[in-house]
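Engineer:
In my numbering, the protein residues as written are 11 to 379.
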């Protein structure tokens, strides 16, 4: 509980810092001041200076969350040098991605206006989803083995960080299942069969597809609103930075309420789907118990705020809903996929959540169900 509390406090501080910084920078006209550097340095390099500043400012928070806290609480014995090299790789690739994507937003906005920029952002979110497993491997050193299960590819990823839970990779219709190698070593074959069945259930029930479409739709709407409300034209560096700051503020609001609720409901929906497919009830309950123990449950620390912020239900909620006859429809990992695909719009909060701050292994496949 002490580790979960520390990560929660760090996450609140980090998110609050970026919200405050984005708000103050926007109100003080910082985007226009940065944009004025274009005449001396050029559009491409001015955008790089902004993103380089973002990476440098992120470093102390990432170091504390990714290295200091895990070592302090006995969750890791990794040296600073080893963590630092891993962080440089992840943060460097993330920055390069934002740099290229941001520059292309400027190009598309200059060609087709806000509509062109929105088209590019939408394409990027689709590509981020479709190539999610490859982005994860690029960001962090994640050895991977591939097999098949019930006609689907299963990628077993060997992450040093035991918080890695995998997920589902790919667009609806071409999904693959991503599982941690650690689970194969820790859980029995019966529990692993249930966990794999749940991932199949997330796909077959349509919950995964709904989560992706909702996450992309929300981000597209928020980016369009940010671009429209920006006082500077989007085809300028100042306008892009202004839009990025507004998008960051809007994204913070989008992570409250609806998306976490739909993500929680999806977990209950998939539990029922698996249960009514005649998976042994005792094995299903055992899998719920097993995975629950691996989570840094922040619900007791958040109290009534849990329903606004958390994307997964309690063990008790999951067990009590197993046999209910009430149909449930959720959007699997909509909230966390929303955070990941917001890279396309230069969301400064995309690496600031309590559960993945400073941990490159978790920046693409955010830990969850």
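Just so you know, even glycine gets a beta-carbon here, dropped at the ideal spot from N, CA and C. None of the values given here were measured: they were computed from a predicted structure.
Below 8 Å on the Cβ atoms is my guess for residue 108 versus residue 356; work out the distance and round it to an integer in Å.
Structural biologist: About 6 Å separates the two Cβ atoms, so the contact holds.
Engineer: Residues in its own chain within less than 6 Å of residue 157 by CB, not counting five upstream and five downstream?
Structural biologist: Closer than 6 Å at Cβ, skipping near neighbours: 164.
Engineer: What do you get for residue 70, buried or exposed, if any count of 16 or more other CB atoms within 10 angstroms of its CB means buried?
Structural biologist: So residue 70 counts as exposed.
Engineer: Taking the CB atoms as reference points, tell me whether residue 124 and residue 244 lie closer together than 8 Å.
Structural biologist: Their beta carbons are under 8 Å apart, which means residue 124 touches residue 244 by this criterion.
Engineer: Mind listing, in chain order, the continuous alpha helix (DSSP H) runs of no fewer than 4 residues lying wholly within the stretch 326-366?
Structural biologist: Listed in chain order, they are 344-351.
Engineer: Buried or exposed: residue 374, going by 16 or more other Cβ atoms within 10 Å of its Cβ?
Structural biologist: It is buried - the Cβ of residue 374 has at least 16 other Cβ atoms within 10 Å.
Engineer: May I ask you to verify whether the stretch 111-120 touches the stretch 49-58, counting CB pairs closer than 8 Å and requiring at least 3?
Structural biologist: Yes, they touch.
Engineer: Which value, in whole angstroms, describes the spacing of the CA atoms of residue 267 and residue 50?
Structural biologist: Distance between the alpha carbons of residue 267 and residue 50: 44 Å.
Engineer: Near residue 186, what residues of its chain come up, given a Cβ to Cβ distance below 8 Å and the 5 sequence neighbours on each side ignored?
Structural biologist: These residues qualify, in order along the chain: 143, 162, 163, 164, 165, 178, 179, 180.
Engineer: Say whether the stretch 330-345 touches the stretch 279-290, bearing in mind that this needs 3 or more beta-carbon pairs closer than 8 Å, one atom from each stretch.
Structural biologist: Because the criterion of three Cβ pairs below 8 Å is met, the stretch 330-345 and the stretch 279-290 touch.
Engineer: If you run the structure through DSSP and keep just helix, strand and coil, what is residue 174?
Structural biologist: In the structure shown, residue 174 sits in coil (DSSP, three-state: anything other than H, G, I, E or B).
Engineer: Can you tell me whether DSSP reads residue 186 as helix, strand or coil?
Structural biologist: Reduced to three states, the DSSP call for residue 186 is strand.
Engineer: Going by beta carbon distance, what residues of the same chain come within less than 8 Å of residue 205, once the five residues before and after it are set aside?
Structural biologist: For residue 205, where only same-chain residues beyond five positions count, the Cβ hits under 8 Å are 189, 193, 197, 297, 301.
Engineer: Does residue 245 come out as helix, strand or coil in the three-state DSSP assignment?
Structural biologist: Coil.
Engineer: Would you be able to state if there are at least three C-beta pairs under 8 Å between the stretch 341-355 and the stretch 213-222?
Structural biologist: They touch, by the three-pair rule.
Engineer: Is the Cβ-Cβ distance between residue 32 and residue 255 less than 8 Å?
Structural biologist: The answer is yes: Cβ separation under 8 Å.
Engineer: Return yes when the Cβ of residue 371 is within less than 8 Å of the Cβ of residue 155, no when it is not.
Structural biologist: No; because the gap between Cβ atoms is not below 8 Å, this pair is not in contact.
Engineer: For residue 148, which residues of its own chain have a beta-carbon under 8 Å away from its beta-carbon, when the five flanking residues on both sides are left out?
Structural biologist: Contacts found: 103.
Engineer: Considering only their Cβ atoms, is the gap separating residue 77 from residue 16 smaller than 8 Å?
Structural biologist: Taking 8 Å as the Cβ cut-off, residue 16 and residue 77 do not qualify as a contacting pair.
Engineer: Compare the Cα-Cα distances from residue 271 to each of 28, 327, 247 and report the closest residue.
Structural biologist: Among 28, 327, 247, the Cα nearest to that of residue 271 belongs to 327.
Engineer: Please report the straight-line C-alpha distance between residue 79 and residue 342, rounded to a whole angstrom.
Structural biologist: Taking the straight line from one Cα to the other gives about 29 Å.
Engineer: According to the Cβ coordinates, are residue 3 and residue 377 closer than 8 Å?
Structural biologist: Since the displayed the chain opens at 11 and closes at 379, residue 3 lies outside it and no answer follows.
Engineer: Please report how far the alpha carbon of residue 25 lies from the alpha carbon of residue 362, in whole angstroms.
Structural biologist: Going from the Cα of residue 25 to the Cα of residue 362 covers about 6 Å.
Engineer: So, with DSSP's three-state summary, where would you put residue 111?
Structural biologist: In this structure, residue 111 counts as helix in the three-state DSSP scheme.
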